[in-house]
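Number of protein chains: 2
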Amino acid sequence: MSTETSQDIAAPAEHWRSYRPLALHPILLRAMEAFNEHGYHGTSVRDIAGRVGVTVPALYYHYANKQALLATLLETSIKDVLDRCRAAAAEAGDDPLARFCGMVESIVLSMAHRRQLAFLDTEIRSLEPENRARYVALRDYLEHMLLDTVEAGRARGVFATPIPADAVRAVLIMCQGVANWFREDGPLTAEQVAERHVLLSLGTVGHPPAPAS
Amino acid sequence: MSTETSQDIAAPAEHWRSYRPLALHPILLRAMEAFNEHGYHGTSVRDIAGRVGVTVPALYYHYANKQALLATLLETSIKDVLDRCRAAAAEAGDDPLARFCGMVESIVLSMAHRRQLAFLDTEIRSLEPENRARYVALRDYLEHMLLDTVEAGRARGVFATPIPADAVRAVLIMCQGVANWFREDGPLTAEQVAERHVLLSLGTVGHPPAPAS
DNA sequence: CCTACCGATCGGTAGG
DNA sequence: CCTACCGATCGGTAGG
Numbered sequence: 001m002s003t004e005t006s007q008d009i010a011a012p013a014e015h016w017r018s019y020r021p022l023a024l025h026p027i028l029l030r031a032m033e034a035f036n037e038h039g040y041h042g043t044s045v046r047d048i049a050g051r052v053g054v055t056v057p058a059l060y061y062h063y064a065n066k067q068a069l070l071a072t073l074l075e076t077s078i079k080d081v082l083d084r085c086r087a088a089a090a091e092a093g094d095d096p097l098a099r100f101c102g103m104v105e106s107i108v109l110s111m112a113h114r115r116q117l118a119f120l121d122t123e124i125r126s127l128e129p130e131n132r133a134r135y136v137a138l139r140d141y142l143e144h145m146l147l148d149t150v151e152a153g154r155a156r157g158v159f160a161t162p163i164p165a166d167a168v169r170a171v172l173i174m175c176q177g178v179a180n181w182f183r184e185d186g187p188l189t190a191e192q193v194a195e196r197h198v199l200l201s202l203g204t205v206g207h208p209p210a211p212a213s
Numbered sequence: 001m002s003t004e005t006s007q008d009i010a011a012p013a014e015h016w017r018s019y020r021p022l023a024l025h026p027i028l029l030r031a032m033e034a035f036n037e038h039g040y041h042g043t044s045v046r047d048i049a050g051r052v053g054v055t056v057p058a059l060y061y062h063y064a065n066k067q068a069l070l071a072t073l074l075e076t077s078i079k080d081v082l083d084r085c086r087a088a089a090a091e092a093g094d095d096p097l098a099r100f101c102g103m104v105e106s107i108v109l110s111m112a113h114r115r116q117l118a119f120l121d122t123e124i125r126s127l128e129p130e131n132r133a134r135y136v137a138l139r140d141y142l143e144h145m146l147l148d149t150v151e152a153g154r155a156r157g158v159f160a161t162p163i164p165a166d167a168v169r170a171v172l173i174m175c176q177g178v179a180n181w182f183r184e185d186g187p188l189t190a191e192q193v194a195e196r197h198v199l200l201s202l203g204t205v206g207h208p209p210a211p212a213s
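From first to last, the protein sequence lines are chains P and Z.
Following UniProt numbering, the numbering of the first sequence begins with 1 at its first residue and continues without gaps.
Following UniProt numbering, the numbering of the second sequence begins with 1 at its first residue and continues without gaps.
Given below as structure tokens:
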């Protein structure tokens with residue numbers, strides 16, 4: 001709680017499509033890497049401290065415990081996703097189709113550009129109840145944002161799915177899944193993957209492929 | 001390596017839509033439950049032994065180590081999914097649309113009826129390289145089966161997606177995702193969830209919703 | 001399957 | 001009084 005807090009971590013005043021190199025406190029950065037490789041319980045605080053090049057007590061000076069590292073990382077991650085998704089939705093305006101496309105694009109870009117951060121979603125089980133509740137609330141909020149848009153699109157006949165809630169859950173799961181397989185040195189860029197997932201998602205919510213909209 | 005091995009575990013000669021109560025060796029069953037609650041590294045062998053009601057050494061009499069429990073569980077799980085999916089495909093015959101629907105239905109039924117087993121997929125990172133390679137190979141085989149069907153359907157104009165490989169990956173991820181949220185006491189039965197995912201998946205691979213097929 | 005244990009490492013903290 | 005740590009070790013538990 002000195003010079004640096006968690007505010008300076010992710011998205012200061014950046015456009016939602018723009019991704020600077022991830023600027024995390026070295027301890028958070030190394031913890032993220034270790035959690036990615038071995039999982040939360042498979043990572044020792046000594047491993048994290050070793051990667052950073054400090055002693056274990058030094059680590060405990062900056063963060064209360066191992067749990068605080070995971071909680072901070074996950075909250076940083078979901079808040080950045082939410083911020084960018086909101087920005088994308090705002091930029092798209094009122095049209096449900098444009099909003100949906102922008103939101104999906106922004107979420108997939110987050111998953112790809114911040115893959116290691118997004119991958120930690122698999123560790124929510126290791127969050128203490130209070131931390132998990134806060135994280136899940138933010139994720140649920142994202143889901144409701146997207147569902148509102150799909151419902152609005154349904155009302156205008158843009159989306160044909162008879163099961164919007166299931167479709168939105170499926171779309172978010174397939175977007176989240178990008179963090180499981182995307183690689184920076186893979187055949188597709190983050191932008192290409194985002195574009196493809198917009199297309200896939202439109203199919204999932206039943207946006208007619210044939211008619212010119 | 002004595003009386004019981006892993007063969008008697010899952011799917012003897014059952015129809016792919018029929019799910020008997022999960023018949024696992026008590027040690028595997030309790031290990032599965034513990035891994036679901038706390039993850040692989042978050043589970044101690046004493047915890048498992050305690051759930052079973054045996055001592056730790058007793059546990060090691062049946063299984064070489066903790067890793068063998070996870071590897072056996074994951075292999076049991078993916079092999080049962082594959083068996084049922086193959087049966088569903090065979091039952092559907094040559095028509096790509098019917099095959100696709102049957103395969104997706106069978107996979108989602110597996111995820112829902114064998115949720116705790118399917119959820120262990122999140123623990124592949126904790127598998128030793130050799131075990132992981134075997135598991136991933138089987139999962140890849142499932143993906144190729146589904147991709148072949150989607151390609152065949154594309155050739156006949158049944159599926160419109162221009163990106164079949166991405167669509168199949170997305171479909172499998174959304175099916176796998178069912179294991180993350182499905183609850184037996186939830187609002188939908190496994191069969192309803194499977195039906196809905198067939199519909200969602202058809203949209204994802206671009207099966208035209210309007211024309212009467 | 002049990003009792004009796006091992007070398008090492010776990011998350012976290014002491015005094016300075 | 002603060003910050004940013006250190007070498008050493010705490011009580012318990014890991015897989016075997």
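Backbone N, C-alpha and C fix where the C-beta goes; we use that ideal spot for every residue, glycine too.
From what residue to what residue does the alpha helix (DSSP H) around residue i run?
i              : result
S201(P)        : A190 to T204
P164(Z)        : P164 to W181
H113(P)        : P96 to H113
T149(Z)        : P129 to A155
P21(P)         : Where P21(P) is concerned, there is no enclosing alpha helix (DSSP H), given that its DSSP letter is neither H nor E.
D83(P)         : K66 to A92
Y60(Z)         : V56 to H62
residue 218(P) : In the structure as shown, chain P begins at 1 and stops at 213. Residue 218(P) is therefore absent and cannot be evaluated.
A34(P)         : P26 to H38
A49(Z)         : V45 to V52
Please decide whether residue i counts as near chain Z, where near means a Cβ-Cβ distance under 8 Å.
i       : result
S44(P)  : no
G206(P) : yes
G203(P) : yes
Would residue i pass as an interface residue toward chain P - the criterion being a Cβ-Cβ separation below 8 Å?
i       : result
H144(Z) : no
M103(Z) : no
A170(Z) : yes
T122(Z) : yes
S213(Z) : Because the pLDDT at S213(Z) is just 39, under 50, the model does not fix this residue reliably, and the value given afterwards should be weighed accordingly. Not one chain P Cβ lies under 8 Å of S213(Z).
What do you get for residue i, buried or exposed, if any count of 16 or more other CB atoms within 10 angstroms of its CB means buried?
i       : result
P187(P) : exposed
H197(Z) : buried
T204(P) : buried
R183(Z) : exposed
A90(P)  : exposed
P164(Z) : buried
E130(Z) : exposed
G206(P) : buried
M80(Z)  : First, the residue type needs correcting, since residue 80(Z) is Asp and not Met in the sequence shown. Buried, since its Cβ has 16 or more Cβ neighbours within 10 Å.
Quick one: which chain P residues come within Cβ less than 9 Å of residue i?
i       : result
D166(Z) : L188, V193, R196, H197, L199 and L200
Can you pull the chain Z neighbours of residue i, defined as C-beta to C-beta under 9 Å?
i       : result
S106(P) : Within 9 Å Cβ-Cβ: nothing; S106(P) doesn't reach chain Z, min ~17 Å.
S126(P) : H38, G39 and G42
I163(P) : R196, L199 and L200
Would you mind telling me which residues of chain P sit closer than 8 Å to residue i, beta carbon to beta carbon, in chain order?
i       : result
R139(Z) : Within 8 Å Cβ-Cβ: nothing; R139(Z) doesn't reach chain P, min ~12 Å.
Chain Z partners of residue i, CB-CB under 7 Å?
i       : result
I173(P) : I173, M174 and G177
Looking at C-beta atoms only, is the number of pairs between the segment 146-155 of chain P and the segment 53-60 of chain P that lie closer than 8 Å three or more? no
Measuring CB atoms only, is the segment 170-180 of chain Z touching the segment 115-128 of chain Z, in the sense that at least three cross pairs come out at less than 8 Å? yes
Three or more C-beta pairs under 8 Å: does that hold for the segment 37-50 of chain P against the segment 35-44 of chain Z? yes
Does the segment 121-139 of chain Z come into contact with the segment 154-164 of chain Z, if we say contact requires no fewer than three beta-carbon pairs (one atom in each stretch) closer than 8 Å? Output reads no: the segment 154-164 of chain Z does not touch the segment 121-139 of chain Z.
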